[in-house]
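In this text, residue positions in the sequence shown follow the numbering used here: the first is 8, and each later residue adds one.
Quick reminder that beta carbons are idealized off the backbone N, C-alpha and C, glycines included.
Encoded as structure tokens, the structure appears first; notes follow it.
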Amino acid sequence: MNTLTIIAVASGGAVGATLRLLISGMVNKHFVHALPLGTLSVNLFGSLLIWILFAYFHLNASLSPHLKTFMITGILGALTTYSTFAMESFFLLEAGDYMHAFANMALNLFGTILFAGIGYMTILHFTK
């Protein structure tokens, strides 16, 4: 691993973490709900974007590997957050709010897979 790769991940991570804070905060402010919708929104959005970018970079192999690392590992790795999802689900379970806990788990698990597929199919559609 070289210095440029580390810089790409670190700088992308700073961007992604900041985006997560802003997007999650905005969603939670405007959509008050028992479900942690801010985390769900960044996970869904990140899953959609990661597959769009993955497919785009796959189809454009000449692009810089540092750009790929910056965007996918850095920005999107920091934007999406499985650990926060796990913690929020645990807190809902601990509070006895089983309906919202299982809804949160199902939406994050199946929703992110669905959005990843939508992202992948979208880029394939536009590159044919």
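query: Separation of lysine 75 from glycine 126, as counted between CA atoms; result: 16 Å
query: Nearest residue (CA-CA) to alanine 110, options Tyr63, Lys135, Glu95 and Ser18; result: Glu95
query: Per-residue burial, methionine 78 [other beta carbons within 10 Å of its own, 16 or more giving buried]; result: buried
query: Bounding residues of the alpha helix (DSSP H) (the contiguous stretch that carries phenylalanine 215); result: Because residue 215 is not part of the residues shown, which for the chain are 8 to 135, the question remains open.
query: Proximity below 8 Å, CB of alanine 15 to CB of glycine 81; result: yes
query: Histidine 40, DSSP secondary structure in three states; result: coil
query: Sub-8 Å separation of isoleucine 115 and asparagine 50 beta-carbons; result: One detail in the question is off: residue 115 reads as asparagine in this sequence, not isoleucine. Yes.
query: For asparagine 81, three-class secondary structure by DSSP; result: First, the amino acid is wrong: residue 81 is glycine here, not asparagine. Correct three-state label for glycine 81: helix.
query: Beta-carbon spacing of alanine 17, tryptophan 58 below 8 Å; result: no
query: Proximity of threonine 46 and serine 31 at Cβ, strictly below 8 Å; result: yes
query: Integer-rounded CB distance, given that leucine 100 should sit under 8 Å from leucine 26; result: With 8 Å as the limit, leucine 26 and leucine 100 do not qualify as a contact, their Cβ atoms being about 28 Å apart.
query: Nearest residue (CA-CA) to methionine 112, options Gly103, Ala93, Leu55 and Val22; result: Ala93
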